[in-house]
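Residues 34 to 274, numbered by the working numbering, are exactly what the first sequence covers, in order. The C-beta atom is built at its ideal place from N, Cα and C for all residues, glycine as well. It should be emphasised that the depicted structure is a prediction, and the values quoted were computed from it without experimental measurement. A quick write-up on the structure given underneath.
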Amino acid sequence: VFLLRLLCKAGCIDDACRHVADMGRLGYEPDISLVTELVNDLCKASKWKSCHKLLTGLYNVGFIPSLATFNTFFSCLCRAGLMQQACKLLDDMVKLGFTLDVYTYSIMIHTLCKAEKVDEAYKLLKAMRNRKCEPDVVCYSTVLHGYVRLGKQELAMKIMDEMRRNNCSPDVVTYNSLISMFSKVGDTTKAYELWGQMRANGCVPDHISYTALVDGFCRQNKPKECLRLVLEMLKKRLKPG
RNA sequence: CGGAUGGUGCA
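Okay, here's the thing in structure tokens:
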């Protein structure tokens with residue numbers, strides 16, 4: 034397994050792939066995480082067919098990869114815009130008896146948002162609860178950011194309220210989306226207000242938070258604020274963009 | 001015992 038991991042890291046994906054397939058044929062159970070990483074690497078190289086071959090090959094010798102493996106493949110297909118393949122995979126997953134988890138849903142939500150079908154994404158979010166899969170902070174933040182990209186500030190803030198009502202605390206990514214939204218439209222007051230809320234809720238601003246806020250002050254021509262923030266950033270050893 | 005999959009900024 035260690036050797037195979039090295040092969041992957043060294044960029045010899047195809048070799049690693051062959052060896053895993055061989056192991057399967059010889060009756061050894063391949064390491065699940067390794068297979069998942071392999072799937073990820075194959076997809077990044079756009080080798081969809083190799084990926085599919087690997088999985089079906091393993092399946093044919095009786096090894097069924099984990100849900101994480103399928104989620105990885107699913108995510109890659111969605112990102113590549115290969116929706117017909119992605120749907121088919123989803124279908125297979127269900128047929129294999131997997132119960133879609135919060136990761137699977139977040140991938141679907143993200144895909145819908147990217148296609149600007151944010152309302153549909155929101156519907157899916159609500160549907161999750163009926164399917165006994167509680168949306169987490171990532172699902173909410175994804176939809177929220179979908180609205181941000183469409184310039185729908187009120188709806189984005191609504192999602193924020195909704196997640197709070199459902200006992201899901203916004204995290205640094207959630208706040209970053211909102212801060213950048215207000216910064217872009219020049220509302221540094223609201224951006225800064227959220228900045229305060231973020232810290233009050235125990236979230237530590239990261240380099241993205243700072244960049245988003247600085248960007249807002251820059252657009253407003255407020256160099257002193259910018260400077261202050263950048264210095265603060267350096268003190269915390271965060272890299273400015 | 002670790003190890004795998006989802007969301008955010010500027011350019």
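Rounded to the nearest angstrom, the gap between the Cα atoms of residue 53 and residue 35 is 12 Å. In the three-state DSSP reduction, residue 252 falls in the helix class (H, G or I).
By the criterion of a C-beta distance shorter than 6 Å, residue 118 is surrounded in its chain by 110, once the five residues flanking it on both sides are discounted. Relative to residue 206, the option among 175, 150 and 140 whose CA is nearest is 175. For the pair residue 60 and residue 129, the Cα-to-Cα distance works out to about 21 Å. In this structure, the CA atom of residue 211 is about 17 Å from the CA atom of residue 155. The C-alpha of residue 246 lies about 27 Å from the C-alpha of residue 144. Secondary structure at residue 48: helix, using DSSP grouped into helix, strand and coil. Distance from the CA of residue 88 to the CA of residue 106, rounded to the nearest whole angstrom, comes to 10 Å.
Between residue 243 and residue 271, the CB-CB gap stays under 8 Å. Contact between residue 189 and residue 177 holds: CB atoms are separated by about 5 Å, below the 8 Å threshold.
Collapsing the DSSP output to three states places residue 156 in a helix.
The beta carbons of residue 103 and residue 131 sit closer together than 8 Å.
When the Cα atoms are used, residue 235 and residue 187 turn out to be separated by approximately 24 Å. Residue 157 sits away from residue 140, with the two beta carbons spaced by 8 Å or more. For residue 229, the uninterrupted alpha helix (DSSP H) run begins and ends at 221-233, by DSSP.
Look at residue 165 here: in three-state DSSP terms it is coil, with no helix or strand label.
Selection 91, 99, 93 and 94 evaluated against residue 69 yields 99 as nearest (Cα-Cα). Each of 166, 123 and 115 was checked against the Cα of residue 148, and the nearest Cα belongs to 115. In this structure, the straight-line span from the alpha carbon of residue 258 to that of residue 195 is close to 32 Å. In the DSSP annotation of this structure, the continuous segment of the alpha helix (DSSP H) that includes residue 179 starts and ends at 170-182. Straight through space, the alpha carbons of residue 170 and residue 200 are spaced by roughly 10 Å.
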